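I have placed the structure first, in the form of structure tokens, so that the comments after it can refer back to it.
Residue numbers (this note's numbering), protein chains in the order written: chain A, 35 to 145; chain B, 5 to 116.
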């Protein structure tokens, strides 16, 4: 089967660093996305990884290891506005190219 | 460019009724995907349309259907509504194949 696992909830302090992990088992692999979703709003795109390694974009970085079926999203210098749900999604390969979504990690940033 | 738009934003229906939701993708985007989101289930994939053809389908009953028009606008229909259909329905568009998806604001459907 196809499965994506993320922690359900995480808590961190303003100004700190937090790492949100995502592990996946899918039929083929054609890339991994991270999205941010604030309560009551639509998901917004954060990052896309298709090759192994770290992609840095401002305060946010995303890492991928295809051999381990593993990714993480790293958020630095946390701000209160970073309180949101973070969704990991994987694109399968071949005919099965639809996105497979994790349930999301709800991050609470406390002052 | 204007973003993805969805209408209506909020909808209240009663059991047994049917509903049609509309999605206008970003100009130039040919792929439109539909998702159902509930607190316990996360994002559940309904179907994807590309150039007026259904390209992928999720595991939802036949009461859920959709279509895409030649201008890439898409509609989804839910017939014989059930209480469990209450959810946020999200539409996402992308330029084509396996690309980044951009989401609309969603339609919040409440079934009474």
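Where is the CB? At the ideal position from N, CA and C, for every residue including glycine.
For clarity, every value in this text was computed on a predicted model and none was experimentally measured.
1. For residue 37 of chain A, write down the residues that DSSP places opposite it in a beta bridge.
2. Please list the segments of the beta strand (DSSP E) lying wholly inside the stretch 67 to 125 of chain A, counting only runs of 3 or more residues, in order along the chain.
3. What does a CB cutoff of less than 7 Å around residue 16 of chain B pick up in its chain, not counting 5 residues either side in sequence?
4. Can you look up residue 88 of chain B in the DSSP assignment and give me helix, strand or coil?
5. Bridge partners for residue 70 of chain B per DSSP, in chain order?
6. State the CB to CB distance for the pair residue 140 of chain A and residue 42 of chain A, rounded to an integer number of angstroms; the pair is presumed to be in contact (CB under 8 Å).
7. Identify which residue in B:112, B:22, B:37, B:12 has its Cα closest to the Cα of residue 132 of chain A.
8. From residue 83 of chain B to residue 65 of chain B, what distance separates their C-alpha atoms?
9. Answer yes or no: does any C-beta atom of chain A fall closer than 8 Å to that of residue 2 of chain B?
10. My guess is that residue 55 of chain A and residue 71 of chain A are in contact by the Cβ rule of under 8 Å, so how many angstroms apart are they, rounded?
11. On the criterion of 16 or more Cβ atoms from any shown chain inside 10 Å, does residue 10 of chain B qualify as buried, or is it exposed?
12. Would you list the one or two residues that DSSP bridges to residue 17 of chain B?
13. Would residue 52 of chain B pass as a contact of residue 35 of chain B if the rule is Cβ separation under 8 Å?
14. At 3 residues or longer, what runs of the beta strand (DSSP E) sit wholly inside the stretch 17 to 43 of chain B?
15. The beta strand (DSSP E) that contains residue 143 of chain A, what's its start and end?
Let me spell this out:
1. Here residue 37 of chain A is taken as the residue at index 3 of the first chain, counted from 1. Bridge partners of residue 37 of chain A: A:59.
2. The qualifying runs are 78 to 83, 87 to 91, 94 to 99, 104 to 109, 118 to 125.
3. Counted from its first residue, the second chain places residue 16 of chain B at position 12. The answer, listed in chain order, is 114, 116.
4. As a first step, residue 88 of chain B must be located in the second chain, where it is residue number 84. In this structure, residue 88 of chain B counts as helix in the three-state DSSP scheme.
5. For the purposes of this step, residue 70 of chain B is taken as the residue at position 66 of the second chain. Note: residue 70 of chain B sits in a beta bridge opposite B:80.
6. For the purposes of this step, residue 140 of chain A is taken as the residue at position 106 of the first chain. For the purposes of this step, residue 42 of chain A is taken as the residue at position 8 of the first chain. With a contact defined as Cβ atoms closer than 8 Å, residue 140 of chain A and residue 42 of chain A qualify at about 7 Å.
7. Your numbering for residue 132 of chain A matches position 98 in the first chain. The shortest C-alpha separation from residue 132 of chain A is found at B:37.
8. For this step, residue 83 of chain B is matched to residue 79 along the second chain. For this step, residue 65 of chain B is matched to residue 61 along the second chain. Approximately 10 Å, taken between the alpha carbons.
9. In this structure chain B extends from 5 to 116, so residue 2 of chain B is not present and cannot be described.
10. In the first chain, the residue the question calls residue 55 of chain A occupies position 21. In the first chain, the residue the question calls residue 71 of chain A occupies position 37. Contact between residue 55 of chain A and residue 71 of chain A is ruled out by a C-beta separation of about 18 Å, above the 8 Å threshold.
11. Taking the second chain and counting its residues from 1, one reaches residue 10 of chain B at position 6. Looking at its Cβ environment, which holds 16 or more other Cβ atoms inside 10 Å, residue 10 of chain B is buried.
12. Residue mapping note: residue 17 of chain B aligns to position 13 of the second chain, counting from 1. Bridge partners of residue 17 of chain B: B:115.
13. Here residue 52 of chain B refers to the residue found at position 48 when the second chain is read from its first residue. Here residue 35 of chain B refers to the residue found at position 31 when the second chain is read from its first residue. Yes, the pair counts as a contact, with Cβ atoms nearer than the cut-off.
14. Here the runs fully enclosed are 23 to 28, 35 to 42.
15. Here residue 143 of chain A is taken as the residue at index 109 of the first chain, counted from 1. For residue 143 of chain A, the enclosing beta strand (DSSP E) stretches over residues 139 to 144.
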